[in-house]
Every structure is written in C-alpha cells, then in structure tokens.
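Beneath this line is the structure, given in structure tokens, with notes to follow.
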Amino acid sequence: MTRYGLVIDLKRCIGCDTCTIACKAANATSRGIMWNHVLKYETGKYPNSQLNFLPITCMHCEEPECEKVCPTGATTKRNDGIVVVDSDKCVGCRYCMVACPYAIRYFFDELQTYYPGYVTPYEEIGYKKHKLGTVQKCDFCLERVEQGLQPACVVACPANARFFGDLDDPDSEVSKLIKERKGFVLNPELGTKPSVYYLPRD
Amino acid sequence: METKGALNTQKVWGWKVAAYLFLAGVGAGAYLIGFIFSLTHPEFILLSKVTILLAAPLVIVGALFLIWDLGQKTLAPLVFLRPLSSWIARGTIIITVFIILDLIHIGMWIWPFTWLEGAPGLRLALGGATSVFAVLTLIYTGLLLGTAKPVPFWSISILPILFLVSGVSTGTMGAALSLSVYSLSTGSAVEPPLMLLARYDAFVIILEALIICFYLIRMYRLTAARTSAYLVTKGSLAVHFWGGVVIAGLVLPFAFEIYNTYLPIANPMTVLVLTAVAGIIGLAGGFMLRYVVVAGGTRTPLNVEGVLVPPPDTYGVRVPW
Chain Z
1 MTRYGLVIDL KRCIGCDTCT IACKAANATS RGIMWNHVLK YETGKYPNSQ LNFLPITCMH
61 CEEPECEKVC PTGATTKRND GIVVVDSDKC VGCRYCMVAC PYAIRYFFDE LQTYYPGYVT
121 PYEEIGYKKH KLGTVQKCDF CLERVEQGLQ PACVVACPAN ARFFGDLDDP DSEVSKLIKE
181 RKGFVLNPEL GTKPSVYYLP RD
Chain A
203 METKGALNTQ KVWGWKVAAY LFLAGVGAGA YLIGFIFSLT HPEFILLSKV TILLAAPLVI
263 VGALFLIWDL GQKTLAPLVF LRPLSSWIAR GTIIITVFII LDLIHIGMWI WPFTWLEGAP
323 GLRLALGGAT SVFAVLTLIY TGLLLGTAKP VPFWSISILP ILFLVSGVST GTMGAALSLS
383 VYSLSTGSAV EPPLMLLARY DAFVIILEAL IICFYLIRMY RLTAARTSAY LVTKGSLAVH
443 FWGGVVIAGL VLPFAFEIYN TYLPIANPMT VLVLTAVAGI IGLAGGFMLR YVVVAGGTRT
503 PLNVEGVLVP PPDTYGVRVP W
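So the sequence lines, in the order shown, correspond to chains Z and A. Note that this note's numbering gives residue 89 to position 89 of the first sequence, counting from 1, and the numbers run on in steps of one. Note that this note's numbering gives residue 233 to position 31 of the second sequence, counting from 1, and the numbers run on in steps of one.
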C-alpha cells in the first residue's frame, strides 16, 4: 500500500524559506498561517557556533495524535497516509493543536489579507478554500498529488533538499535516501511515527 | 540536554477553557458533597436542595464557555461523535448525562412529579447515579488535559485527582456561599450546615494543598515540565499562583473556616458574612488554579537528533503591516 512521505535533507537546506512561500502560493493561506516554514536555531558556542535550519510541516504521522483526540472525526488519515482535515466537520475546538507534538496546525480565526483593506483577485479565489473558525494544516498538496504532481514545496526548493514519494516502496527515492543516509524523525520517543524524515547534516 | 531557545507557554487554550474546568468542577463538586451530606445529615434538607440546584446550571454555564471558545459554534453537537478515542467526546457525554440526571432530580420537586420525592429508594438510586457522573465530570477534565502528550505539565496522573479534590472544595465553598447569601436575604438559620461545610472543607483544603505541593515538586523534577513549574512559581504566572491559588484559594478560606468553626462567635451575622467572603475568595482561587494549570503548559521541544529546538509559537499571530 502507498504511504506518502517527505524527506528533507538538512545538509542541503539553506533556510531560504522558498518552501514556505511556495506553500503559501499553492494553498493561498492567510497571512500569519504557514503550513510549512523553516525554524532557525543555533548550536555550538562562539566562535564555533552554527546557524541551523529545520523546515517543518505536518508530519502526517502513522499514529496521529490529532486524529485520536478529534471529537468529531474531522481529522482523518487517508489510506495513502496523508492526514487531512475536513473543514465541514471541524468545530474549531483546537484539541488537535494542543495534542500535535510538532505544533504545526493553525487555527484560521481571522482573515489577514496581504494588503491593508484590499483583497487581491488571487486571494479572493484562494481564500474560498479555507473556512473561518477551523483548524488547517499541510495536506501534502493533495490536489497536486492526486494529479500525479509533487507538492509545491518539493518542486520549488532551489537546493533540491526535499523529496516526496512512497515510504512503503523500498525502491522509491525516499526509501533509499532514508536507508542510505540514516534518515531520522522528530521526537521518535512520542511514538507518533512521522512520515516526514530528515537526513542528517553530517 | 539544553533547549536552544526559550520555551513558550501554550496559547491555544486560554481562560475560557479554564472557566469551563472551574464551573464544571464547582457544579459537580457541589452535587457530590450535597449527596454525601444528604446521607450523613438528612436533616440538612436546604443544603441538599441548594447543591442540587447549583449543579446543572453551573455545568451548563461552563459548557457555554466551551461553546463560546469553539471556532464553529453551530457545529457544537458534532463533539459527541467519537467517544471511543476523544476525551472531548467522552466528556461531553459525561456532562450531558450529569446535567440530565440533575435536572431530573430538580424535576422531582415540581408537580406532578413530587410524589417521586417520597420514594427514598428511587431518590437514593438517582443521587448515587448522579454522584458517579459528578465524580466522572471532575476526573475527566484532568484526563482531557492529560492526553495532550506534548504538554508534560498536564501529562501527570495526579491532575485528575487535583481537579477532583479542588472541585469538591470549590463545590463546598459554592454551597456555603449560596446558603449564607440565602440566609442573609431571608433570615433563615443555616449555621449548623455552614459549620459542617466549613469543618469538612478545611480538611479538603489541606489535602488540596498537599496535592499541589506534590504536583509542583514532581514537575520540577521532570526536565520537560520544569519550565512550567518555574513559570508558575517564580515566572509570569507567579502572581496568579501565589496570590490566586495559594492565598485566595487555600490560605484565606482555610483561615476563615477555622475561625468560624473553632472560635466562639457571638453574632451569627459574622459567621454568614465570613462564610460568604471566604466562598467568593476561595472560588476565585479555584478558578485561578485551573487557569494556572492551563496557561502554564509549555510544549515539549522538538528533538532533532538530541538537539532540543523550541516548537513554533505561532498561535494567533497577527502580522503587522
């Protein structure tokens, strides 16, 4: 069975946030909402300190905490492993946001446009996809994936640091990369089994 | 391991959720003590009636706070749908049953059902069943927070017990406050049940204080929750904790209750006024306890191969132009 996953090569990531912008362009999310973005943090001590980048997005966990705690069944995991939110069922209780270990769900409580007092034609069309008062998050660009395309963040990454594919297929590029480069997941101790893997810097 | 940056408190749930936890606690706690005292002191009929009258309305008002907090208020009935996995769904069922049972109890005082009041077996069975759901209402609120794995300040088995004990204490204070206000306005003599409540609550307050001590010591010892314990005792929530939870919620009500119970007072009016004041202050402290627990929750950092990175803090971000 297919289980879609994302592999992010931390050695290649240059922290340019192109993935962030590509995601916003593809999904027309409101200002302040970033289904995908890049965390920056420092390691080491001066003069040997280093700035590190950690792109994060919904981890599409195999054991999603958000799905377990959702009281209405708005959050579900599809057969292909993609975790989706049905905004028609979401009551906006935000239990999923509290329960998500990666804090990568967003509550769309106010439309913030990109120009004061003006909605661009693009925003006007794009915002129709989103329902106020509901929780939203990355869906691996479901519309694109269903057309056989890659998620927008993967296509746009200028450093070729993102790879999308089937984790259940041992011959897929993502599976091979995880195996060869010893891919790891965030917070494995929580047992959520994320479908987003990271390739180490070293 | 050192975290690379400051850990922020969660902002997803705020004072409205705390208000619900508090009001549900007072309502369920009041019912529970009312039922217990109806068995041990059947002569205090007014006390029993007051607690039954307080229970459902308080839980209903609390639930209204939760509905107010929802993004899609009109879809609120959908929260019953998944009781097998979600504590919100389970909790909604628990409080609904509790409210219905309590309303049935209130209904027994209204014609043409008044004859049911004369059937002690039925009244006892109804009281017992409602009490079970009162306990479940008190405990589940702790479990609701406890299932949020990324917030270690909530993921501790003592939280449901703390909410149970605090609910009983605030329920007792709510009942005492209502009785004293009733007495002040009608002139009825309510000192004997007030004395009973005060004596009983003083003991519960000691128990609650011990549980809070144990809770915070445990949190200090747990690396992931230490930030929360620090924020609560010494950081941004210290005023809420020491002023609200400790002084208003524990010390002052305890002092007033001891004063009322063990020191001879000539004027019954003093007892009533002190009870009312202790009740108001103590209830404010009870709310503050829920608020401190909810607002003090910090999220577990992201573990990037042993390097701990604070999770994104983007809830309710308003980007300036």
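Ideal placement from N, C-alpha and C gives every residue a C-beta, glycine not left out.
Asked: Enclosing alpha helix (DSSP H) for Z/D139 [first to last residue]; Found: Premise fails: Z/D139 is in no alpha helix (DSSP H) and is neither H nor E.
Asked: Environment of Z/F140 [buried if 16+ CB atoms lie within 10 Å]; Found: buried
Asked: Backbone secondary structure at Z/I178 - three-state DSSP; Found: helix
Asked: CB contact flag (A/A221, A/F489, <8 Å); Found: yes
Asked: Per-residue contacts from A/R501 into chain Z (C-beta, under 7 Å); Found: A103
Asked: 8 Å Cβ cutoff, A/N462 in contact with chain Z; Found: no
Asked: Minimum C-alpha distance to Z/E110 - residue among A/P314, A/Q274, A/R501, A/G445; Found: A/Q274
Asked: Where the segment 187-201 of chain Z meets chain A: residues whose CB sits under 8 Å from a CB there; Found: N187, P188, E189, L190, Y198, P200
Asked: C-beta contact flag for Z/T18 and Z/W35 at 8 Å; Found: no
Asked: Minimum Cβ-Cβ distance from Z/C100 to chain A less than 8 Å; Found: yes
Asked: Residues that Z/L6 bridges to, as DSSP identifies them; Found: Z/F164, Z/V196
Asked: Inter-stretch contact (C-beta, 8 Å, three-pair minimum) for the segment 313-330 of chain A and the segment 91-110 of chain Z; Found: no
Asked: 4-residue-minimum alpha helix (DSSP H) runs that sit fully inside the segment 48-122 of chain Z, ordered along the chain; Found: 65-69, 95-99
Asked: Near-chain A residues of the segment 22-33 of chain Z - C-beta to any C-beta below 7 Å; Found: R31, G32
Asked: Anticipated Cβ contact below 8 Å, Z/V91 with A/L277, distance rounded; Found: 5 Å
Asked: C-beta neighbour in chain A for Z/D9, strict 8 Å; Found: no
Asked: Status (buried if at least 16 other CB within 10 Å, exposed otherwise) for A/G487; Found: buried
Asked: Short-range partners of chain Z found in the segment 278-306 of chain A, where Cβ spacing is below 8 Å; Found: A278, L280, V281, F282, L283, R284, S287, S288, W289, I290, A291, T294
Asked: Min CB distance A/T367 to chain Z below 8 Å; Found: Note on identity: in this sequence residue 367 of chain A is Val, with Thr being the wrong assignment. So no, A/V367 is outside the interface.
Asked: Neighbour flag for A/T527 against chain Z, beta carbons, 8 Å; Found: Residue 527 of chain A lies beyond the residue range present for chain A, which begins at 203 and ends at 523; the question has no answer from this structure.
Asked: Residue-level contact to chain Z via CB, A/R352, 8 Å cutoff; Found: According to the sequence shown, residue 352 of chain A is Pro rather than Arg. For A/P352, the answer is yes, since a Cβ of chain Z falls inside 8 Å of its Cβ.
Asked: Nearest to A/L256 (by Cα), restricted to the options A/M375, A/G445, A/E507; Found: A/M375
Asked: DSSP bridge partner residues for Z/K40 (one or two, in chain order); Found: Z/F53
Asked: CB contact check: A/V511 to chain Z, cutoff 8 Å; Found: yes
Asked: Alpha helix (DSSP H) runs contained entirely in the segment 232-316 of chain A, provided each spans 4 or more residues; Found: 247-271, 289-309
Asked: A/E507: contacting residues in chain Z (beta-carbon distance under 7 Å); Found: F184, P200
Asked: Nearest to A/T425 (by Cα), restricted to the options A/T332, A/H243, A/P354; Found: A/P354
Asked: Simplified DSSP assignment, three categories, for A/N505; Found: strand
Asked: Supposed contact pair Z/N160 and Z/R3 - C-beta distance, whole angstroms, cut 8 Å; Found: Actually they do not touch by this definition, with Cβ atoms about 23 Å apart.
Asked: Start-to-end residues for the alpha helix (DSSP H) that takes in A/I460; Found: 454-464
Asked: Rounded separation between A/T253 and A/I413 - CA only; Found: 25 Å
Asked: Cut-off 8 Å between Cβ atoms - residues of its own chain near A/N210, not counting five sequence neighbours on either side; Found: T500, R501, P512, D515
Asked: Same chain, Cβ closer than 8 Å to Z/L10, neighbours up to 5 away in sequence not counted; Found: N52, F53, L54, A161, Y198, L199, P200, R201
Asked: First through last residue of the alpha helix (DSSP H) which encompasses A/L476; Found: 470-497
Asked: Given Z/P101 as reference, the closest of Z/L6, Z/M1, Z/L190 once Cα atoms are compared; Found: Z/L190
Asked: Through-space distance from Z/I14 to Z/L39, alpha-carbon basis; Found: 11 Å
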